[in-house]
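Numbering (this note's numbering), first residue to last: 129 to 336. In this text, a Cβ means the ideal position worked out from N, Cα and C, and glycines have one as well. Every value quoted in this text rests on a predicted model; they were computed, and no experiment measured them. To start, the structure itself, in structure tokens.
Spelled out as structure tokens, the structure:
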């Protein structure tokens, strides 16, 4: 018998290789798409306690029923003092309300921060609508600078139609502030003569 591979065998090998490459490429693409797709899913459904970004400033109706909103603040790797101005507020369901957080940069250089957010209980995220929020954009603070950071929101009156939430008395709005590293311009990305291209340790550079 001949040990050579015939034309049919070679074609089969090519097909197998092509299928494997296509599968690998597809898996890589799905991995990159998974995070933004999951984030979009959470924003649409309120899954994981993700709040909604309101398209209108008012709910359209206000119920004669109180609900207490508690405010929580955390930091992750950023040398800021970040806290709510008031720990809680009691409002009417459907009432548009403004609350305030405060942030102070404790480091010796400007730092840009970004806030992630959620609410507890998680199911309430679909009914917690933010009209305006500091979390919609990144914030840069100079050394020692303090900034008032408002958030305008309301609780959708439809929350009382959900069996699991109809008797809800308290919602906790929680923010976590973390650093955003600014990308270096392309023109200055190459090291000059005698300089080092070593990337500084992020924790050390932030005083962590």
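Per-residue burial, residue i [other beta carbons within 10 Å of its own, 16 or more giving buried]
i, result
"residue 256", "buried"
"residue 291", "exposed"
"residue 284", "buried"
"residue 143", "exposed"
"residue 337", "This structure cannot speak to residue 337, because the chain is shown only from 129 to 336."
"residue 146", "exposed"
Residue i - containing beta strand (DSSP E), residue span
i, result
"residue 275", "274 to 283"
"residue 211", "208 to 212"
"residue 77", "Since the first residue of the chain shown is 129 and the last is 336, residue 77 is not available in this structure."
"residue 231", "225 to 233"
Cut-off 7 Å between Cβ atoms - residues of its own chain near residue i, not counting five sequence neighbours on either side
i, result
"residue 177", "Note that residue 177 scores a pLDDT of 46, beneath 50, so its modelled location is shaky; the value from the coordinates is reported in the next line. Within the same chain, residue 177 has close Cβ partners 246, 247, 248, 250, 253."
"residue 270", "233, 238"
"residue 276", "228, 230"
Counterpart residues of residue i in DSSP-defined beta bridges
i, result
"residue 241", "267, 307"
"residue 260", "280"
"residue 194", "220"
"residue 301", "199, 247"
CB-CB length for residue i against residue j, believed under 8 Å
i, j, result
"residue 243", "residue 227", "Residue 243 to residue 227, Cβ: 13 Å. No contact."
"residue 262", "residue 279", "7 Å"
"residue 198", "residue 304", "Not quite, the Cβ-Cβ distance comes to about 15 Å (not below 8 Å), so this is no contact."
"residue 205", "residue 308", "Not quite, the Cβ-Cβ distance comes to about 11 Å (not below 8 Å), so this is no contact."
Close beta carbons around residue i, own chain, < 6 Å, minus the five adjacent residues each side
i, result
"residue 260", "280"
"residue 202", "304"
"residue 186", "224"
"residue 267", "241"
"residue 210", "201, 203, 231, 305"
"residue 297", "none"
"residue 274", "232"
"residue 216", "196, 198"
Proximal residues to residue i (C-beta, below 8 Å), its chain only, five neighbours per side dropped
i, result
"residue 220", "190, 191, 192, 193, 194, 195"
"residue 288", "191, 193, 221, 294"
"residue 218", "194, 195, 196, 197"
"residue 182", "257, 258, 259, 281, 282"
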